[in-house]
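This report concerns only the one structure given below.
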Amino acid sequence: MNYIEIKPFEQKIINEIKFTAIPLKHSKNTFGYLIEYKNYKIAYLTDCSGIPKESFDFLQNFEIDYAFIDACYDERRVVGNHLNYLQASEILNELNVKNGFLMHISHITQEYILENEIKLKYPYVEENFNLIF
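Here's what the structure looks like:
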């Protein structure tokens, strides 16, 4: 395995796929990624409690085809090291993504959504999810 160190907003191209490191808010330094492949732009923004302004401004320069974002909690929890699904949905709305998906769901949040029959604007990624280009 070959690890490649990357700095904020630095781009790396691997097998014709461009990765740009996007700093995220979390208890530790974490990155999300803007992934560019063919004509598609994918934002992968998981394991975070928010997106710094500089990162948000950077992402707004792109038409994002698919976005995947941390949404571990439900609306009963508004602080912590992860977003709730309302916070995550608001970020997806503000980024004006074409297709948004929530990730990193806790079992407590999953049970809460099912028990309360909550309808979400953006779906959670489920097992066997695939994107085909």
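In this text, residue positions in the sequence shown follow the UniProt record's numbering: the first is 1, and each later residue adds one. We put the CB at the ideal spot given by N, CA and C, even for glycine.
Check                                                                                                                                 : Outcome
Nearest residue (CA-CA) to Ser49, options Cys72, Glu36, Glu63 and Lys38                                                               : Cys72
For Ile51 and Leu24, believed in contact at Cβ under 8 Å, the rounded distance                                                        : 6 Å
Leu102 burial status per 10 Å Cβ neighbour count (16 or more: buried)                                                                 : buried
Proximity of Leu83 and Leu59 at Cβ, strictly below 8 Å                                                                                : no
Own chain partners of Asp99 with C-beta closer than 6 Å, once the 5 adjacent residues on each side are dropped                        : Before going further, note that residue 99 is Asn rather than Asp in the sequence given. Within the same chain, Asn99 has close Cβ partners Tyr66.
Straight-line gap, Asn61 to Val97 (C-alpha atoms, nearest Å)                                                                          : 12 Å
Of the listed residues Phe9, Ser89, Asp70 and Asn2, nearest to Ser106 (C-alpha basis)                                                 : Asp70
Rounded Cβ spacing between Lys7 and Ala21 (contact assumed at less than 8 Å)                                                          : 7 Å
Own chain partners of Ser27 with C-beta closer than 6 Å, once the 5 adjacent residues on each side are dropped                        : Asn81
Uninterrupted beta strand (DSSP E) stretches inside the UniProt domain "Metallo-beta-lactamase" (15-105) (no shorter than 3 residues) : 17-24, 30-37, 40-45, 66-70 and 99-103
Per-residue burial, Phe31 [other beta carbons within 10 Å of its own, 16 or more giving buried]                                       : buried
Alpha-carbon to alpha-carbon, Thr109 and Tyr124                                                                                       : 11 Å
Per DSSP, the bridge partner or partners of Gln11                                                                                     : Thr20
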